[in-house]
Amino acid sequence: MANDKPSGPDGENGDLDSVRQRQVKPPYDNADNDTSSTTVEIVQKVQMQRNVGVFSGISIIVGTIIGSGIFVSPKGVLRDTGSVGLSLVVWAASGLIALLGALCYSELGTLIRLSGGEYAYIRAALGNIPAFLYSWTSVIVIRTSSLSIITLTFAQYVESFFTMCGAPVAPTKIVAAIALITVGIVNSWSTKLAARVQVVFTAAKLIALGIIIVGGVVKMAEGNISVLQEGFEGSTTSPSTIALAFYGALWAYDGWNNLNYVTEELENPEKNLPRANIFGVLLVTIVYVLTNISYLSVMTTQELLDSNAVAVTWGDRVLGAAAVIMPLSVMVSTFGAANGTAFSGGRVVYAAARDNNLPEILSYIQVKQLTPMPSMLFTIFIALLMIIPGDISGLIDFFSFTAWMFYGMTFLSLIVLRFRMKDAERPYKVPIPIPIIMLLISLYLIIAPIVEDPQIEFLYAFLFVIGGLIFYIPLVHFNLKVPGFDKITEWCQLILEIVPSKVEPDS
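Mind the numbering: the sequence shown is residues 1 to 507 in the numbering used here, read in order.
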């Protein structure tokens with residue numbers, strides 16, 4: 001990776017004068033290595049813009065963390081812990097774990113200011129093969145399947161809403177597909193528009209959760225605290241069962257790392273990335289704990305465990321005729337989560353393709369809108385394919401441990417880079433015990449579900465990850481060309497008006 005100042009007429013490009021440019025390796029870098037004013041002009045025209053401020057950054061974090069889980073079924077943590085008190089401790093402690101992870105990612109994101117999140121950090125510290133395996137697993141399964149599940153949940157609540165209104169029910173998969181296509185259009189059209197959509201939908205879901213929290217405060221003021229007074233009565237003492245409770249809660253916090261996927265589009269990342277990461281995770285933690293307290297001020301533990309949609313049950317008890325607000329809230333929440341997931345997930349494709357770990361065309365940028373249109377369309381296309389079977393959540397459960405495997409590799413990358421890049425400027429530096437603790441937590445969360453309930457599907461998931469080498473060896477290592485693919489690339493360039501991104505800002 002070469003970092004050079006532009007050799008063109010710097011006096012005419014004041015904002016680029018002090019900016020080091022990251023020269024992307026072939027096929028984007030022609031053999032002449034021209035860094036003249038023409039190159040500077042390309043940077044200005046095809047580089048994605050920094051349209052994500054601190055508030056939209058917080059919205060990306062909060063909006064992708066808060067999906068349907070806190071509205072639909074927080075009962076898993078209560079079931080595994082066995083008591084009200086321990087369940088609330090697990091929710092708060094999981095927020096703390098997410099915060100520690102966000103602190104680690106804040107250092108990584110301000111040290112390596114490239115989009116792609118874990119992909120960029122693993123590649124810098126551990127090499128190209130682990131980074132490729134991450135992009136392979138994330139792009140083909142984890143992020144795209146999560147996106148399809150979120151939109152299927154959105155569609156189910158659209159269906160329930162129309163049922164309440166007495167109208168004909170729209171086919172669930174068609175509604176999910178329409179939602180996915182809408183998200184794809186928004187994110188392909190404008191990064192600024194996608195960020196604004198995220199702010200609006202995040203505000204809407206926080207208002208909905210605020211209604212639940214205020215309703216719980218009112219109920220507790222009326223004396224409905226008997227369930228909360230049970231405290232730690234009936235708490236489990238099994239370490240493995242408590243680990244499963246943490247696993248469920250941490251899954252609800254998943255998304256705390258999403259802002260790191262769009263570092264190159266974040267304004268003033270050395271300041272705004274740590275601020276948004278810290279504030280976003282703290283806000284979600286407070287909201288999650290207070291929302292669970294509100295649920296338990298209205299329902300008994302058994303009623304909560306029996307409910308398939310806790311927020312809807314809460315709404316029926318507290319809001320009466322206005323209970324329709326709850327399914328509407330889930331619809332808003334899931335659509336916002338889908339928008340945030342697509343926004344960040346497309347950047348993994350973009351970053352990997354820019355390094356030739358995916359087809360080159362997926363790193364191209366739309367010349368007018370300055371968005372990574374090909375990577376976004378590819379992400380939406382894979383998610384649409386995953387809607388077809390409809391029920392893939394069971395399979396994804398077995399891939400959740402691979403997510404923590406890559407988280408662990410990322411925390412390890414931070415430790416490695418402390419030695420490999422010890423003299424590099426670090427606008428934000430986390431105390432070294434924190435990434436060590438997070439690495440140990442990651443190892444525990446990888447091993448715990450396998451020890452507790454070993455199943456062959458875990459092996460299948462692991463083999464899928466390693467199976468990416470089948471594509472890596474011929475297509476990346478030996479750089480074999482697929483016949484006719486150049487023609488497809490040219491055709492797509494003409495239709496979509498997309499061009500390569502020659503250079504990227506390194507700071």
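For glycine and all other residues, C-beta sits at the position ideal for the given N, C-alpha and C. Bear in mind that the values here come from a model prediction, so they are computed numbers and not experimental data.
- Per DSSP, the unbroken alpha helix (DSSP H) holding D486 starts and ends at 485 to 496.
- Taking the CA atoms as reference points, F55 sits about 7 Å from A276.
- The shortest C-alpha to C-alpha distance from S329 to any of G57, N51, G67 is the one to G67.
- Straight-line measurement puts the Cα of F246 at about 8 Å from the Cα of W91.
- If you draw a straight line from the Cα of R354 to the Cα of R196, it is about 27 Å long.
- The C-alpha of A131 is placed about 12 Å away from the C-alpha of V476.
- Annotated as distal: T379 and I122, with beta-carbon spacing of 8 Å or more.
- In this structure, the beta-carbon distance from M376 to G184 falls below 8 Å.
- Residue burial is scored here from C-beta neighbours: K75 has at least 16 other C-beta atoms within 10 angstroms and is therefore classed as buried.
- About 36 Å separates the Cβ atoms of T110 and P239, ruling out a contact at the 8 Å cut-off.
- As summarised for the region 418 to 499, the continuous alpha helix (DSSP H) elements at least 4 residues long and confined to that stretch are 433 to 452, 456 to 467, 485 to 496, given in chain order.
- Assigned with DSSP and collapsed to three states, V227 falls in coil, not helix or strand.
- Residues Q198, N258, L259, G340 of the same chain have their beta carbon placed closer than 6 Å to that of I60, with the five preceding and five following residues left out of the count.
- For W189, same chain residues with a beta-carbon under 8 Å away, outside a window of 5 residues either side, are Q369, T371 in chain order.
- At the C-beta level, D486 and L244 stay beyond 8 Å of one another.
- Within its own chain, the residues whose Cβ lies closer than 8 Å to the Cβ of I388, once the five positions on either side in sequence are excluded, are K173, listed in chain order.
- Cβ contact annotation for T285 (same chain, cutoff 6 Å, sequence separation greater than five): G95, in chain order.
- CA-CA distance, S138 to A252, rounds to 18 Å.
- Non-local beta-carbon contacts of L88 in its own chain, meaning distances under 8 Å to residues more than five positions away in sequence, involve V289, N292, I293 in chain order.
- Distance from the CA atom of F201 to the CA atom of G116, rounded to whole angstroms, is 24 Å.
- Listed in chain order, the non-local C-beta contacts of A351 below 7 Å within the same chain comprise L114, S115, G116, Y119, A120, local neighbours out to five positions each way being set aside.
- By a beta-carbon distance limit of 8 Å, S297 contacts N224. Their separation comes to about 5 Å.
- A direct Cα-Cα distance of roughly 44 Å separates V482 from E159.
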